[in-house]
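Q:
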Amino acid sequence: MQRSRITALAGTWLALATAGHAQDVRDSGILRLYSAGTEIGRETFVRTPDYLETETVIPVFAVRVKSRASYRGGRLTAYEARVFRLPQDSLLQDYRARVDGDSIRVEHAAQGQTRSSVVGARVDAVAASQS
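In case it helps, the working numbering puts the sequence shown at residues 3 to 133.
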């Protein structure tokens, strides 16, 4: 009887102690990428209320992609993605986007050239270029 009471009290304390930390919850994992039943790459991710970071490696295409989406109050505020050539791990492309009110400031660097633009739009999500 004493042991179950202590366990119940410890469980209650743990629930109360962690109740105020819901915003600190993190999620992370590994996703395996398949094509025709064969694993062709892996993506690792870490998700918090403030950001989502991913790293995808696809050896068949000799690329590694790192990205980070930043959030404030549940709204996207910035996005970065960098594409690397394997096995040298040399930078191929660099994307950066920052939400600025009702517009998005975008910067794309590749092959020694950088392009910047401002797009008038409200952003809810970002997807990297597929080409």
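From the three backbone atoms N, C-alpha and C, an ideal C-beta is built for every residue, glycine too.
Out of 97, 64 and 40, state which residue places its alpha-carbon closest to the alpha-carbon of residue 106.
A: 97
Q: For residue 125, does the three-state DSSP call read helix, strand or coil?
A: Residue 125 falls in the coil class under three-state DSSP.
Q: Do residue 44 and residue 59 have their CB atoms nearer than 8 Å?
A: yes
Q: By the DSSP assignment, the beta strand (DSSP E) with residue 80 in it spans what residues?
A: 77–87
Q: Just checking my contact of residue 51 with residue 73 at CB under 8 Å: how many whole Å lie between their CB atoms?
A: About 7 Å separates the CB atoms of residue 51 and residue 73; that is less than 8 Å, so the two are in contact.
Q: Give the C-beta separation of residue 101 and residue 125 to the nearest angstrom, bearing in mind that I take them to be a contact with Cβ-Cβ under 8 Å.
A: Between residue 125 and residue 101 the Cβ distance is about 5 Å, and since that is below 8 Å, they are a contact.
Q: Ignore the nearest five residues each way along the sequence and tell me which others in residue 67's own chain have a CB closer than 6 Å to its CB.
A: 58 and 85
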